[in-house]
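Reminder that position 130 of the sequence shown reads as 203 in our numbering, one-by-one numbering, no gaps. Quick reminder that beta carbons are idealized off the backbone N, C-alpha and C, glycines included. Beneath this line is the structure, given in structure tokens, with notes to follow.
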Amino acid sequence: MKYLLTIMLSLFVSSVFAQQITKEKQLIQFAGIITDVDSNTVVPYVTVTNLTNKEQRYAANYKGYFSFIAHPGDTILYSAVGYKDLLLAIPSQINDSKYTAMIKMKAEIVNLPTVRVYPWATVEDFTRDFMSMKIADDDYVIAARNLSSESLGGLMMTLPRDGGEIQSINNRLNHDRALNKNMVQTNPLLNPFAWGKLMQSIFKGDKVRSESN
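Printed below as a string of structure tokens:
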């Protein structure tokens with residue numbers, strides 16, 4: 074009985090050991106395309122690391138495609154600049170010699186701290202420039218300078234007239250023309266030049282009559 078039990082136990086252990094060896098020796102062609110999870114655009118030059126198989130590293134091409142030999146159940150790490158690391162495992166049960174997967178990676182937003190660039194190399198340079206700096210005028214001083222007679226006079230000489238100012242000037246000119254037209258003397262008796270011509274005609278007539286007599 075002991076011999077039978079020993080034989081059965083040996084056969085069982087051999088069978089399990091043979092299955093483990095067969096499983097360990099199973100190789101597959103693992104391939105895939107890596108894309109962005111939000112835009113579905115390919116992610117080029119991703120580093121693909123097989124953590125299970127001595128951390129062997131592979132690189133995807135510019136189209137996001139990769140292909141290498143692996144074992145079922147291997148753990149794969151996908152890493153790329155600007156994307157979060159992705160850790161996925163190949164299924165342990167694969168009935169084919171090849172396996173294809175679509176890998177989705179998510180972009181990583183990194184908020185960098187604010188960097189301020191100062192134009193001074195040393196504290197002494199800053200102190201010298203600060204002490205010689207001209208402080209800008211406040212709003213009251215700027216308003217007074219803009220409303221001074223010199224500033225307004227310069228604006229009057231350089232700025233063109235707007236529509237309202239041109240209309241006001243035209244109205245005043247039309248009003249002056251109307252007043253001058255009403256002041257024109259239409260009666261010749263009230264015109265001094267007409268009186269002068271009349272007196273000259275009378276004197277010439279008297280002179281002609283005296284010569285004829």
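Query, Result
"Cutoff 7 angstroms; reference glutamine 99; Cβ partners in own chain excluding five residues on either side", "His144 and Pro145"
"Per DSSP, the bridge partner or partners of methionine 178", "Asp109"
"CA-to-CA distance, glutamine 102 to asparagine 70, given in whole angstroms", "One cannot answer for residue 70 here, as it falls past the ends of the chain, which runs 74 to 286."
"Isoleucine 163 (DSSP reduced to helix, strand or coil)", "coil"
"In chain order, each alpha helix (DSSP H) run of at least 4 residues that lies wholly inside the region 184-226", "196-204 and 212-219"
"Cβ-based burial, asparagine 123 [other Cβ within 10 Å; buried from 16]", "buried"
"Enclosing beta strand (DSSP E) for serine 170 [first to last residue]", "Element bounds for serine 170: n/a, residue is neither H nor E."
"C-alpha distance - threonine 108 paired with valine 115, whole-angstrom precision", "4 angstroms"
"C-beta neighbour in chain C for aspartate 111, strict 8 angstroms", "Chain labels in this structure do not include chain C; a single protein chain is all it has."
"At least 3 beta-carbon pairs within less than 8 angstroms: the region 149-157 vs the region 178-187", "yes"
"Exposure of glycine 137, with buried meaning 16 or more beta-carbon neighbours within 10 Å", "buried"
"Selected residue, minimal CA-CA separation from isoleucine 142, among Asn244, Ile275, Ser152 and Asn126", "Asn126"
"In DSSP terms, what asparagine 123 is bridged to", "Gln129 and Ile149"
"Span of the beta strand (DSSP E), counted from its first residue to its last, around tyrosine 118", "Careful: tyrosine 118 lies outside any beta strand (DSSP E) and carries neither H nor E."
"Whole-angstrom C-beta distance between tyrosine 151 and valine 119, which should lie under 8 angstroms", "6 angstroms"
"Nearest candidate by alpha-carbon position, reference glutamine 129, set Ile149, Pro117 and Ser112", "Ile149"
"Rounded separation between valine 190 and valine 196 - CA only", "14 angstroms"
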